[in-house]
Amino acid sequence: MSVHSLVFVALGGAVGALARYLTMLAVGHWLGQGFPWGTVAVNVIGSFVLGTLIEAFSLTWSPPESFRLFMVVGILGAFTTFSTFSLDVSVLMSRGSYLACGGYIAGSVILSIAALFAGMALSRQVLS
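Per the numbering used here, residue 6 is the first one in the sequence shown, and the count goes up by one each step.
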């Protein structure tokens, strides 16, 4: 592990954290604060972008390791919010909102996985 690599991860993390914060504010403003729509949005968007990048990396594009660290570990690592997802589940359960909680868990997981595959498919279409 080099200092160079750590700098790229840290810079990407700063960008990703800021993007997550702004996205969650915007989505909360649009859809309200009663349900964790912002967390769903960043996890689905992050999964789509990750799928797009990983497929592009495997098919036609071989960017430098520093770029991969910046994008995947830094930006996407800070942008997606599994720890926030876990906290949101706890909050919904503590409120007794079991149906909303189940929908949140299922929707987040299914939509995020679907977004990953959609990103991969998009890369295959564009780059093949």
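Even for Gly, the Cβ is constructed at its ideal location relative to N, Cα and C. Just so you know, these numbers come straight off a predicted model, no measurement behind them.
Measure from the alpha carbon of residue 92 to the alpha carbon of each residue in 17, 21 and 45, then state which is nearest. Taking each of 17, 21 and 45 in turn and checking the Cα distance to residue 92, the smallest one comes out for 45.
Assumed close pair residue 56, residue 20 - CB separation to whole angstroms, cut-off 8 angstroms: Actually they do not touch by this definition, with Cβ atoms about 19 angstroms apart.
The alpha helix (DSSP H) with residue 44 in it runs from where to where? First-last of the alpha helix (DSSP H) with residue 44: 42-64.
If I'm right that residue 120 touches residue 52 with Cβ under 8 angstroms, what's the distance once you round it to whole angstroms? Contact between residue 120 and residue 52 is confirmed by a C-beta separation of about 4 angstroms, below the 8 angstroms threshold.
If you reduce the DSSP assignment to three classes, tell me which class residue 100 lands in. Residue 100: coil per DSSP, three-state reduction.
So, under 8 angstroms CB-CB, residue 17 and residue 75 are touching, yes? Tell me the CB distance rounded to an integer number of Å. With 8 angstroms as the limit, residue 17 and residue 75 qualify as a contact, their Cβ atoms being about 4 angstroms apart.
Rounded C-alpha distance that separates residue 72 from residue 13: Rounded to the nearest angstrom, the two C-alpha atoms are 8 angstroms apart.
Below 6 angstroms CB to CB, which residues in the same chain sit around residue 29 once its five sequence neighbours on both sides are set aside? So the qualifying residues of the chain are 43.
For residue 63, does the count of other Cβ atoms within 10 angstroms reach 16, so buried, or fall short, so exposed? Looking at its Cβ environment, which holds fewer than 16 other Cβ atoms inside 10 Å, residue 63 is exposed.
Considering only residues of the same chain and omitting the five flanking positions on each side of residue 128, which have a CB-CB separation below 7 angstroms? Excluding sequence neighbours, residue 128 sits near 57, 60, 61 and 64.
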